[in-house]
Amino acid sequence: NGLNSFVLSSSIGALAAAVIGLTAWNVTLQGDRNDTTALTPVQVAPNVTVQAQLATVNGRLVAVMNVAGLAALDPAQGYEVWVVPASGVPESRGFMALSAANRFSATVDVSAGETIAVTREARTNTTAPTTDKVLVITT
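In our numbering, the protein residues as written are 158 to 296.
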């Protein structure tokens with residue numbers, strides 16, 4: 158039983174490293190990365206971990222996020238990513254597909270100073286956040 162736990166923990170760690178590496182590679186393949194900056198979340202729900210960076214790709218500013226430790230949801234709900242520009246009106250960037258380990262990776266177009274938020278939402282919602290934020294990152 159202890160061996161199974163060790164193997165499971167090692168596998169999860171290896172999977173997380175692979176996801177982060179593949180996401181970074183994906184951004185690199187999209188074009189020249191002129192600049193990257195680590196982003197620190199300003200709000201994160203308990204048990205959730207986030208690795209995020211801001212990158213310039215072909216003149217576009219993008220946030221690359223790897224989020225883990227999310228609670229499992231029923232099929233009618235999902236984790237929706239929002240960008241909040243200077244106007245303060247949230248814009249949906251869509252629902253993220255969770256892995257079997259309740260993780261997701263996302264690359265989101267942003268402008269400097271915008272806020273990225275993730276909320277738990279009914280899959281029919283794309284108008285505005287209706288629940289507490291799972292995480293918040295300011296670019």
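Note that beta-carbon positions come from the ideal geometry of N, C-alpha and C, so glycine has one too.
With contacts defined as CB atoms closer than 9 Å, T283 and S249 qualify as a contacting pair. Taking all protein chains in view, the Cβ of N223 is crowded by 16 or more other Cβ atoms within 10 Å, so the residue is classified as buried. Here the alpha carbons of E278 and G216 stand approximately 32 Å from one another.
Fewer than three Cβ pairs drawn from the region 255-266 and the region 192-205 lie within less than 8 Å of each other, which leaves the two stretches out of contact. By the 16-neighbour rule on beta-carbons within 10 angstroms, A233 is exposed. For secondary structure counted as the alpha helix (DSSP H) over 4 or more consecutive residues, the region 186-240 holds no complete run.
Excluding sequence positions up to five before and after V275, its CB lies within less than 6 Å of the CB of Y236, V238, V291, L292, all in the same chain and listed in chain order.
Scanning R280, P286, D289, T288 for the CA closest to the CA of D231 turns up R280. Beta-bridge analysis with DSSP links R277 to Y236. Residue A263 holds the alpha-carbon nearest to the alpha-carbon of A220 among A263, T287, Q200, P286. Of all alpha-carbon atoms in P242, T194, P286, E271, the one lying nearest the alpha-carbon of V214 is that of T194.
Spatial neighbours of S268 in its own chain (CB-CB distance under 7 Å, excluding positions within 5 residues in sequence) are listed in chain order as L218, P242.
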